[in-house]
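Student:
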Amino acid sequence: MESTEIFKKVRKIEIKTRGLSSHIFSGQYHSAFKGRGMTFSEVREYEYGDDIRNIDWNVTARFNKPFVKIFEEEREMTVMLLIDVSGSNDFGSQSQSKRDLTAELAAVLAFSAIQNNDKVGVIFFSSKIEKFIPPKKGSSHILRIIREIVDFKPVERGTDIGEGLRFLTSAIKRRTTAFLISDFMTDKSFEKEMQICANKHDLVALRITDRREMDIPKVGLVKFRDSETGKERWVDTSSNAWHNAYLQMIENESAELNREFTKHGIDNALIYTSEDYVKPLMQLFKKREARR
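If you count the sequence shown from 1, position 232 lands on 232 in my numbering, and the numbers rise without skipping.
Given below as structure tokens:
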């Protein structure tokens with residue numbers, strides 16, 4: 001991709017996602033992804049309805065009337081974007097590929113994070129760790145991340161989600177909010193790594209998919225090519241038996257993935273390339289906010 005084309009694409013993503021972050025997501029993000037805890041700020045006189053557990057007894061005794069401690073949220077967090085850059089993300093049946101959608105999601109999350117004074121870092125992974133960008137603040141840092149996503153050329157084309165999760169767990173020592181953005185198309189198990197990572201970090205899964213992957217038209221004999229392994233095979237898409245078996249496989253894999261998310265307490269959202277991602281993200285944020 002030419003540098004001018006990259007610049008135009010980055011600029012387009014920046015304008016769209018920065019606007020969404022400012023006008024839609026920033027408030028919900030703040031509520032859904034709070035800081036690590038509360039720190040003492042000051043004291044004030046007790047008012048009706050205040051929690052008596054917050055009474056500062058030393059100040060109360062000194063002034064002979066009740067005072068309560070005021071706490072402020074320890075707002076600053078570290079946000080890590082764990083991005084799948086394997087070959088299957090090049091697929092897209094309509095206006096954008098899964099890779100294009102990933103770039104927009106990463107950008108809107110990154111801009112929402114820096115508006116709340118959070119650091120943002122990125123781990124690109126395929127069947128290995130392709131690149132690690134340490135967490136930093138600032139718009140220029142976010143634009144670098146977007147440029148990397150738009151123009152990144154992975155060395156490998158396979159997928160090893162467990163490898164990405166292992167690296168995150170070992171590289172980031174303090175508890176962080178981590179967004180795992182992937183189509184989760186892999187034949188390698190990663191449940192153990194996901195469990196360990198979810199115990200250490202606040203892990204959120206964003207599953208990217210294209211509806212055509214679940215709804216293949218009946219157009220006769222078609223040659224399919226695996227974008228990660230390069231293997232090819234002929235399939236009779238007119239066969240009802242093949243269609244039923246394929247749909248059953250997709251449903252079983254999706255159900256198993258959802259069971260693992262639920263088992264390990266991982267918030268998640270399913271996002272389609274052909275649909276607006278604002279609604280599923282907002283639903284995810286509101287679900288988290290409701291639990292707090």
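Glycine is no exception: its CB is placed at the ideal position from the N, C-alpha and C atoms.
1) Among M80, M185, H30, whose alpha-carbon lies nearest the alpha-carbon of V116?
2) Whole-angstrom Cβ separation of I149 and I83, contact assumed at under 8 Å?
3) If you draw a straight line from the C-alpha of K192 to the C-alpha of G162, how long is it?
4) By how many angstroms is the C-alpha of D160 removed from the C-alpha of R174?
5) Excluding sequence positions up to five away, which residues of its chain have a Cβ less than 8 Å from the Cβ of K137?
6) Identify the continuous alpha helix (DSSP H) that holds V59 and give its terminal residues.
7) Does the beta-carbon of N240, which I'm using as the reference point, lie nearer than 8 Å to any heavy atom of the ligand ZN?
8) Return the residue from the list K287, T273, L281 that minimises the CA-CA distance to M92.
9) Beta-carbon separation of F125 and S86 under 9 Å?
10) Below 8 Å, how does it come out for the stretch 9 to 21 and the stretch 97 to 112: are there three or more Cβ pairs, yes or no?
11) Please confirm whether S88 and M185 have their CB atoms less than 9 Å apart.
12) Can you give the Cα-Cα distance for L143 and F190, rounded to whole angstroms?
13) Suppose the cutoff is 6 Å on Cβ atoms and the five residues either side in sequence are ignored; what does the same chain contact list for V278 look like?
14) Check whether the Cβ atoms of V68 and R44 sit closer than 9 Å, and answer yes or no.
15) Tell me which same chain residues have a C-beta within less than 7 Å of the C-beta of R147, skipping the five on either side of it?
16) Over what stretch of residues does the alpha helix (DSSP H) that includes I266 continue unbroken?
Tutor: Short version:
1) Inspection of the sequence shows that residue 116 is occupied by Asn rather than by Val. It is H30.
2) 7 Å
3) 8 Å
4) 24 Å
5) I114, N117, D118, K119, V120
6) 57 to 63
7) In the structure on display, the ligand ZN does not appear, and there are no ligands present to speak of.
8) Here residue 92 is Gly; the residue named in the question, Met, does not match the sequence. It is T273 whose Cα lies nearest to the Cα of G92.
9) yes
10) yes
11) yes
12) 31 Å
13) none
14) yes
15) I6, V10
16) No alpha helix (DSSP H) holds I266; DSSP gives it neither H nor E.
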